[in-house]
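Undergrad: FYI, numbering that gives the first Met the number 0 numbers position 259 of the sequence shown as 258, with every residue one higher than the one before it.
In this text, a Cβ means the ideal position worked out from N, Cα and C, and glycines have one as well.
Since the model is a prediction, treat every value here as computed from it, not as a measurement.
Dropping the structure in here first, questions after.
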Amino acid sequence: MAQVRHGTLVERWSERRPGSAALYRRARAVFPSGVTHDARYMEPFPIYITRAQGSRKWDVDGNEYIDYWSGHGALLLGHNYPPICEAVVEQARKGTHYGACHELEVEWGELVHQIVPSAEKVKFFSSGTEATLMAMRLARAFTGRDKILKIQGHFHGWHDYATFAMTPPYEEPVSRGIPRVLRETMISVPFKDIEALRAALDANPDVAGLIMLCNGAGTEYLQQVRQLTRERGVILIFDEVVTGFRYAPGGCQEYYGVTPDLTTMAKILAGGLPGGAIGGRADILALLEFRDDPQWMRFGRINHPGTFNANPLSAAAGVACLKIVRDPSVQRKAAETADRLRAGFNEVLKRRGVNGEAGGEVSLLSLSFPEARLKGRAFSDRLRMAMQIGGVDFNGSGMIVSAVHSDEDVARTVEAFDQAIGLLQEDGAL
Ligand SMILES: Cc1ncc(COP(=O)(O)O)c(C=O)c1O
């Protein structure tokens with residue numbers, strides 16, 4: 000663990016990372032703000048990673064981190080889990096794109112069908128964004144209605160429709176460049192407010208589908224949502240891009256016992272490679288079918304190309320991964336590790352007299368500091384830096400725990416957190 004020395008936290012952090020600073024100077028010349036994903040933007044510069052294994056990763060300056068990004072949630076089995084790694088390497092030698100159907104895609108689809116309760120039929124994509132875009136389109140096509148109802152603050156990727164209802168004012172998208180006419184097609188309600196949902200559905204009989212995250216939803220609320228949507232013929236879409244294969248093998252729908260009409264998946268689905276999927280009712284996915292009927296082919300169906308849909312590399316990783324994570328002891332192990340981290344962090348916060356809390360559900364751990372002096376991104380970046388000094392990397396507001404984080408990782412992470420809180424207090428951020 001790094002010694003606490005004089006100088007500001009940012010200075011101490013920067014001193015050990017000259018290689019990352021140099022790469023960021025190059026990156027800024029080619030990428031807007033130097034980054035390839037919004038979440039990687041960090042001031043004065045982000046860290047650059049060269050290698051990862053298991054629960055650890057190493058930056059270009061030789062600093063080691065216990066990693067709680069977990070591939071943005073894709074790595075329930077950590078980095079380079081041997082059976083997945085071997086399957087990918089073997090497949091790479093056999094070819095990465097056949098421009099044809101192949102056996103692994105069938106096996107991958109069969110596994111999703113077997114594991115995910117709602118997945119009567121399956122369709123693959125290259126990302127979660129594509130999956131939620133198609134889910135909304137399927138809902139509109141199936142019902143013949145135009146509007147999508149969304150829960151305020153729920154993230155479903157970056158396509159045009161997903162930019163609505165993210166931050167207030169909810170009718171304004173979080174991005175520029177979104178056609179004004181789309182405002183008329185997206186409405187939103189607060190999370191876990193069943194009366195608001197009922198009122199919105201009553202006032203808008205032209206709602207095709209409701210898309211939502213289930214994290215923290217609870218069985219009772221989800222059952223009510225299920226009933227309200229079923230009564231009105233509204234397609235219920237659970238976005239399980241993060242929660243799929245993580246809350247339970249069959250995701251939140253298995254964990255809470257409520258089955259949607261359509262489920263969107265990505266991340267763990269593809270074992271750490273790019274990939275997305277929809278699993279859902281056979282009669283809805285039938286909209287993607289070919290039929291010997293020119294009228295249907297021109298006006299009835301939804302078309303679906305996509306160069307990398309179910310590509311052999313992602314399929315190899317996905318099959319290897321799903322064969323392992325279908326065993327619920329995997330999800331249980333990750334959740335137990337997260338519980339130990341929560342307990343350790345909350346003990347540190349209490350002992351240091353900091354108003355904060357480690358919460359969240361199963362293997363998703365969230366951190367909140369209601370009285371922090373720095374706010375928003377400024378605080379989470381500072382917390383990230385303080386944790387990186389102690390050899391831990393995460394996104395600054397929550398940790399995604401894998402089934403391969405060890406007892407030693409937990410002990411070192413809690414120690415790093417203790418030191419980080421001290422650094423933030425010294426630094427005036429808390
Ligand atoms: C719940 C949820 N839906 C959709 C997406 C978009 O997935 P992707 O980044 O694969 O496009 C994400 C990404 O983090 C997500 O968390």
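Mind checking who residue 367 pairs with in its DSSP beta bridge?
TA: Answer is 356.
Undergrad: Whole-angstrom Cβ separation of residue 238 and residue 210, contact assumed at under 8 Å?
TA: With 8 Å as the limit, residue 238 and residue 210 qualify as a contact, their Cβ atoms being about 6 Å apart.
Undergrad: When DSSP builds the beta bridges, which residues end up paired with residue 184?
TA: DSSP, once it has assigned bridges, lists no residue as partnering residue 184.
Undergrad: With a CB to CB cut of under 8 Å and the five nearest residues on each side skipped, what residues in its chain are close to residue 392?
TA: The answer, listed in chain order, is 46, 56, 64, 65, 66, 67, 68, 383 and 386.
Undergrad: So does the segment 326-345 actually touch the segment 410-424, counting three or more Cβ pairs closer than 8 Å?
TA: Yes: the two stretches touch, three or more of their Cβ pairs being nearer than 8 Å.
Undergrad: With 16 as the cutoff for other CB atoms within 10 Å, does residue 302 come out buried or exposed?
TA: With fewer than 16 other Cβ atoms within 10 Å, it is exposed.
Undergrad: Would you mind sorting residue 4 into buried or exposed? The rule is 16 or more other CB atoms within 10 Å of its CB.
TA: Bear in mind that the predicted position of residue 4 carries a pLDDT of just 47, short of 50, making it unreliable; the figure below should be weighed with that in mind. By the 10 Å Cβ count, residue 4 comes out exposed.
Undergrad: If we call anything under 7 Å between Cβ atoms a contact, is residue 127 one with residue 265?
TA: It is a contact, given that the beta carbons lie within the stated cut-off.
Undergrad: Do we get a CB-CB distance below 7 Å when we pair residue 385 with the residues of chain C?
TA: Going by chain labels, chain C is absent from the structure shown, which holds only one protein chain.
Undergrad: What are the boundary residues of the alpha helix (DSSP H) that residue 338 is part of?
TA: Element bounds for residue 338: 327-350.
Undergrad: Enumerate in chain order the residues of its own chain whose CB-to-CB distance from residue 83 is below 6 Å, with the five nearest sequence positions on each side excluded.
TA: Once the five neighbours on either side are set aside, the close Cβ partners of residue 83 are 270, 316, 319 and 320.
Undergrad: Go ahead and label residue 2 buried or exposed: buried means 16 or more other beta carbons lie within 10 angstroms of its beta carbon, across all protein chains shown.
TA: Any reading at residue 2 needs caution, since the residue's pLDDT is 45, under 50, leaving its predicted position unreliable; the model's value is listed next. With fewer than 16 Cβ atoms within 10 Å of its Cβ, residue 2 is classed as exposed.
Undergrad: In this structure, how does DSSP classify residue 191 when only helix, strand and coil are distinguished?
TA: Residue 191: coil per DSSP, three-state reduction.
Undergrad: With a threshold of 8 Å on Cβ separation, who are the neighbours of residue 95 within its own chain once the five nearest residues in sequence on each side are excluded?
TA: Excluding positions up to five away in sequence, the list reads 310, 311 and 312.
Undergrad: Helix, strand or coil for residue 171? Go by DSSP, reduced to three states.
TA: In this structure, residue 171 counts as coil in the three-state DSSP scheme.
Undergrad: If I'm right that residue 477 touches residue 336 with Cβ under 8 Å, what's the distance once you round it to whole angstroms?
TA: Past the edges of the chain, shown from 0 to 429, lies residue 477, and the structure says nothing about it.
Undergrad: Closer than 6 Å by C-beta to residue 123: which residues in its own chain qualify, once you throw out the five before and the five after it? Chain order, please.
TA: Same-chain partners within the cutoff: 276, 308 and 309.
Undergrad: With a cut-off of 5 Å, give the chain-ordered residues whose Cβ is closer than this to any heavy atom of ligand 1.
TA: Matched residues: 126, 127, 128, 155, 156, 238, 240, 241 and 265.
Undergrad: Entirely within the segment 68-145 and at least 3 residues each: give me those beta strand (DSSP E) ranges in chain order.
TA: Fully enclosed beta strand (DSSP E) runs of 3 or longer: 120-124.
Undergrad: Quick one: Cα of residue 240 to Cα of residue 14, how far?
TA: If I take the Cα positions, the gap works out to 37 Å.
Undergrad: Quick check on DSSP: helix, strand or coil for residue 2?
TA: Legend: pLDDT at residue 2 = 45, less than 50; position of this residue unreliable, value from coordinates given subsequently. Residue 2 falls in the coil class under three-state DSSP.
Undergrad: Since residue 179 sits in a beta bridge, which residues does DSSP pair it with?
TA: Answer is none; residue 179 lacks a bridge partner.
Undergrad: Could you give the DSSP three-state label for residue 374: helix, strand or coil?
TA: The answer is coil: DSSP assigns residue 374 none of H, G, I, E or B.
Undergrad: Looking at C-beta atoms only, is the number of pairs between the segment 169-184 and the segment 218-228 that lie closer than 8 Å three or more?
TA: Taking 8 Å as the limit for Cβ pairs, the verdict is that the segment 218-228 does not touch the segment 169-184.
Undergrad: Starting from the N-terminal side, write out each stretch of the alpha helix (DSSP H) that is 4 residues or longer and does not extend beyond the segment 219-302.
TA: For the segment 219-302, whole alpha helix (DSSP H) runs of length 4 or above, ordered along the chain, are 250-255 and 281-284.
Undergrad: Taking residue 185 and residue 147 to be in contact with their CB atoms under 8 Å, please state how far apart those CB atoms are, rounded to whole angstroms.
TA: Indeed they touch by this definition, with Cβ atoms about 6 Å apart.
Undergrad: CB-CB under 8 Å to residue 252, same chain, minus the five flanking residues each way: which ones, in chain order?
TA: So the list reads 115, 116, 117, 213, 237, 239, 258, 259 and 262, once near-sequence residues are dropped.
Undergrad: Measuring CA to CA, which of 286, 304 and 411 is closest to residue 296?
TA: Residue 286 is the option with its Cα nearest to residue 296.
Undergrad: If I follow the unbroken beta strand (DSSP E) through residue 48, where does it start and stop?
TA: From DSSP, the beta strand (DSSP E) with residue 48 extends over 48-52.
Undergrad: Classify residue 90 as buried or exposed, calling it buried when 16 or more other Cβ atoms lie within 10 Å of its own Cβ.
TA: Flag for residue 90 reads buried.
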